Amino acid sequence: MYAMAAAVDREAGRLTDLDSAIGDADHGSNLQRGFAAVSAVLEKETPDTPGGVLTLAGRQLISTVGGASGPLYGTLLRRTGKELGDAGAVSRQELASALGTGVGAVAQLGGAQAGDKTMLDALLPAVDALGSSFHAAREAAGAGALATVPLQARKGRASYLGERSIGHQDPGATSAALLIGALAEVAA
Ligand code: ADP
Ligand code: MG
């Protein structure tokens, strides 16, 4: 979570730039606020299981981020954490399976599917690839984010632009790739 917070800090300007093209220019600052709050709460109380950490982090994102991405990423972390339960250690396969459930909850909450030009376009391929390796998950998420450029947005604020959303990389898919990248870095 700390590596994710650092990555968000580093890339906040870029995320906000992407959101200014097809949204309301707040994605970077939304995530910065959210992940700063996550870091702060984890410094105060550190749950002793991976599932506990993710659940607490998810709850914190939901309560501190106003934009669509707060409840979506919050649900992702909370649902994944709940799925991991109180296991003291988690294998990559177990994480891949739990993350798959978490991503499913994001799809359900936001009503989006693959190809709608959202964070799911990075998260879905990342979960599939995580079955092979952390490195593969990171590559798949990055490729998924890049592949949102030619898509027309069908969910979220960018969908209001219709065809004008084409030709821009989705901010949420970009942040999802960044977060998966941070996970892969730490795991390596
Ligand atoms: P807001 O759109 O409320 O300003 P953010 O700018 O923080 O919130 O986040 C925008 C990102 O959220 C989009 O780029 C997209 O990836 C993601 N998003 C928006 N709506 C949905 C949805 N229904 N399902 C999945 N992801 C979504
Ligand atoms: Mg926005």
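When we follow the working numbering, the leftmost residue of the sequence shown carries the number 1, and every step to the right adds one. Don't be surprised by glycine CBs; every beta carbon is placed ideally from N, CA and C. From a predicted model like this one, the values you see are computed outputs, not experimental measurements.
A contact is defined here as three or more CB-CB pairs under 8 Å, and the stretch 110-117 fails this definition with respect to the stretch 80-91. Per DSSP, serine 132 is not a residue of any alpha helix (DSSP H), being assigned neither H nor E.
Cβ neighbours of alanine 3 within its own chain (closer than 8 Å, five residues either side excluded): Ala182, Leu183, Glu185, Val186.
Residues Leu84, Ala87 of the same chain have their beta carbon placed closer than 8 Å to that of glutamate 94, with the five preceding and five following residues left out of the count. The alpha-carbon separation between valine 41 and aspartate 48 amounts to approximately 14 Å. Per the Cβ contact rule, the stretch 148-159 is in contact with the stretch 11-29 (3 or more Cβ pairs under 8 Å). Between glycine 67 and leucine 31, the alpha-carbon positions lie close to 9 Å from each other.
Inter-residue distance for alanine 7 and leucine 151 is about 26 Å (C-alpha atoms, whole angstroms). Ranked by how close their Cα comes to the Cα of isoleucine 62, the residues Gly51, Arg92, Ala37, Ala25 have Ala37 in first place.
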